[in-house]
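S.K.: Could you have a look at this structure, given as structure tokens, before my questions?
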Amino acid sequence: MYRSRLLIYICIVFAAAAAAGIAQTPQPTPTPFGQNETPLEKIRRQDREHQRLQQEVYNNLYGQDALGNSSRFTKLWRAKMVELYREPGKKETRMLAPENRYTSRYSEFLKNDDAGIFRLIPDQGCDQKGSVSAAPKCLKYNFPGAGSSYSFRLGSYRLRRLADISYFRTTILTRGVLSGAIFVALGDIPVEAVTLETRGISFLSEYKPAKTAEKALEAAKRFAKGVKNGGFVYGRGVYATPNTTFAMRLIAYRGKYLRVEDGVKYNELDFDKRRDIIVTFRVLDVDRDGTATIVWKILRESKAPKIKMPRPKSK
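Numbered according to the working numbering, the sequence shown spans residues 396 to 710.
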């Protein structure tokens with residue numbers, strides 16, 4: 396029973412499915428722009444576009460051609476991967492663009508490669524089961540993360556399972572798979588002044604990540620109650636309080652999180668940039684509808700450790 400609860404808690408799911416192979420057909424010469432396409436040409440053009448977008452997704456994550464063996468998967472599967480793990484474009488997220496007064500105030504700060512600014516809406520149940528709901532209230536947030544989950548590691552909105560933070564009601568916390576997070580409120584101090592030497596950060600930087608699933612569970616329970624150190628309280632989440640600067644240690648462990656889409660079993664973490672990071676962020680304001688404006692920067696980034704999972708007991 397303990398082992399079962401442990402596996403559920405750390406979100407490790409194993410499912411069986413068969414990978415379907417497809418025959419490779421020669422690509423026809425594209426129809427010149429402005430002329431009518433045949434149905435077959437349209438399908439093949441769309442498939443080429445899906446493959447191009449899929450390549451971009453991989454390149455953004457790994458910086459290299461990682462699609463060498465993906466041709467054995469179905470076209471539908473490849474298109475699904477693009478939709479799940481792509482980075483939303485500016486046109487999609489324009490309704491969440493921060494106000495000019497904030498982008499102007501932090502214009503110099505935002506020139507840093509590891510800094511950014513975004514707006515986060517409270518979770519509305521739009522990002523469920525790995526896809527965005529078609530409910531009317533969700534249509535304007537029809538992209539990964541649905542506006543309520545964000546990845547500092549990628550600097551983009553992200554589906555909840557791979558996000559660094561998610562926003563539930565008034566709380567910012569982490570719900571990513573195989574991820575451990577520690578949050579702390581630093582107070583009303585300038586985010587641009589926060590460094591690894593700032594009071595309250597040393598506890599995060601010196602923290603030793605758990606190496607086993609059992610230890611990770613123990614740590615999660617401990618931080619759920621709050622850990623006091625040096626006048627600060629470290630926990631698993633923080634309230635989105637305006638004019639407050641926070642810091643977090645996010646450990647996105649390397650490993651496997653197996654999923655099945657369209658009959659293909661794959662490791663979802665292959666589509667993510669697994670890292671161990673320390674981030675500082677400041678909640679600039681919270682609108683009446685709960686939407687929070689957040690400015691951030693990464694203080695430290697390193698390769699994420701692997702976590703040792705319990706071995707199945709022999710029957």
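For every residue, glycine included, the Cβ atom is placed at its ideal position computed from N, Cα and C.
Between which two residues does the alpha helix (DSSP H) holding Lys668 run?
M.R.: Position 273 of the sequence shown, counted from the start, is the residue given in the question as residue 668. No residue range can be given for Lys668, since it is assigned to no alpha helix (DSSP H) and is classified by DSSP as neither H nor E.
S.K.: Considering Cα atoms alone, identify which of Thr675, Lys692 and Tyr634 is closest to Ala685.
M.R.: Translated into positions along the sequence shown, residue 685 becomes position 290. In the sequence as displayed, the identity of residue 685 is Gly instead of Ala. Closest option to Gly685, Cα to Cα, is Tyr634.
S.K.: Can at least three beta-carbon pairs, one atom from the region 589–609 and one from the region 657–668, be found at a separation below 8 Å?
M.R.: no
S.K.: Which complete beta strand (DSSP E) runs does the region 624–695 hold, if anything under 3 residues is left out?
M.R.: 627–630, 632–634, 639–647, 653–656, 659–662 and 670–681
S.K.: Leaving aside the five residues before and after Pro517 along the sequence, list all residues of the same chain whose C-beta is less than 6 Å from its C-beta, in chain order.
M.R.: In the sequence shown, counting from the first residue as 1, residue 517 sits at position 122. Same-chain partners within the cutoff: Tyr562, Arg564 and Gly685.
S.K.: In three-state terms, what does DSSP make of Leu731?
M.R.: Nothing can be reported for residue 731: it is not among the residues displayed for the chain, which extend from 396 to 710.
S.K.: Who are the Cβ neighbours of Val589 in its own chain at under 6 Å, not counting the five residues just before and after it?
M.R.: Here the question's residue 589 lines up with position 194 in the sequence shown. Same-chain partners within the cutoff: Thr675.
S.K.: Helix, strand or coil: how does DSSP classify Thr469 here?
M.R.: The count along the sequence shown starts at 1 and reaches residue 469 at position 74. Correct three-state label for Thr469: coil.
S.K.: Helix, strand or coil: which one does DSSP assign to Ser543?
M.R.: Residue 543 sits at position 148 when you count from the first residue of the sequence shown. Residue state, collapsed to three classes: coil.
S.K.: Would you verify that the beta carbon of Arg594 is, or is not, closer than 8 Å to some beta carbon of chain B?
M.R.: Of the protein chains in this structure there is only one, and it is not chain B.
S.K.: Would you decide whether Ser502 is buried or exposed? Buried here means 16 or more other CB atoms lie within 10 Å of its CB.
M.R.: Mapped onto the sequence shown, residue 502 falls at position 107. Ser502 should be labelled exposed.
S.K.: Classify Gln430 as helix, strand or coil using the three-state DSSP reduction.
M.R.: Within the sequence shown, residue 430 is the residue found at index 35, counting from 1. Unreliable placement is indicated for Gln430, whose pLDDT of 48 sits below 50; the coordinate value is still reported in the next sentence. The answer is coil: DSSP assigns Gln430 none of H, G, I, E or B.
S.K.: Identify the continuous beta strand (DSSP E) that holds Thr566 and give its terminal residues.
M.R.: Here residue 566 is taken as the residue at index 171 of the sequence shown, counted from 1. It spans Thr566 to Leu568 - the beta strand (DSSP E) in which Thr566 sits, taken as one unbroken run.
S.K.: Could you pull out every residue in the same chain whose Cβ sits closer than 6 Å to the Cβ of Asp682, ignoring the five residues on either side in sequence?
M.R.: The residue given as residue 682 occupies position 287 in the sequence shown. Cβ neighbours of Asp682 beyond the five flanking positions: none.
S.K.: Pull up the CB-CB distance for Asp522 and Ser543, whole angstroms please, since I reckon it's below 8 Å.
M.R.: Taking the sequence shown and counting its residues from 1, the one referred to as residue 522 is at position 127. Taking the sequence shown and counting its residues from 1, the one referred to as residue 543 is at position 148. The C-beta distance from Asp522 to Ser543 rounds to 6 Å, short enough to meet the 8 Å contact threshold.
S.K.: Under three-state DSSP, which class holds Tyr497?
M.R.: As a working mapping, residue 497 is identified with position 102 in the sequence shown. Here Tyr497 sits in helix by DSSP.
S.K.: Starting from Phe538, follow the alpha helix (DSSP H) in both directions and report where the run begins and ends.
M.R.: The sequence position of residue 538 within the sequence shown is 143, counting from 1. Where Phe538 is concerned, there is no enclosing alpha helix (DSSP H), given that its DSSP letter is neither H nor E.
S.K.: In three-state DSSP terms, what is Tyr480?
M.R.: Position 85 of the sequence shown holds residue 480. Here Tyr480 sits in helix by DSSP.
S.K.: Thinking Ala611 and Gly575 are a contact (beta carbons under 8 Å), I'd like their distance in whole angstroms, please.
M.R.: Position 216 of the sequence shown holds residue 611. Position 180 of the sequence shown holds residue 575. About 6 Å separates the two Cβ atoms, so the contact holds.
S.K.: Output the boundary residues of the beta strand (DSSP E) element that contains Phe513.
M.R.: For the purposes of this step, residue 513 is taken as the residue at position 118 of the sequence shown. Run containing Phe513: Ala510 to Leu515, per the beta strand (DSSP E) assignment.
S.K.: In whole angstroms, what is the alpha-carbon distance linking Thr636 and Thr469?
M.R.: The sequence position of residue 636 within the sequence shown is 241, counting from 1. The sequence position of residue 469 within the sequence shown is 74, counting from 1. Going by the C-alpha atoms only, they are around 46 Å apart.
S.K.: Quick one: what does DSSP say Ala619 is sitting in, helix, strand or coil?
M.R.: Numbered from its first residue, the sequence shown carries residue 619 at position 224. In the structure shown, Ala619 sits in a helix (DSSP, three-state: H, G or I).
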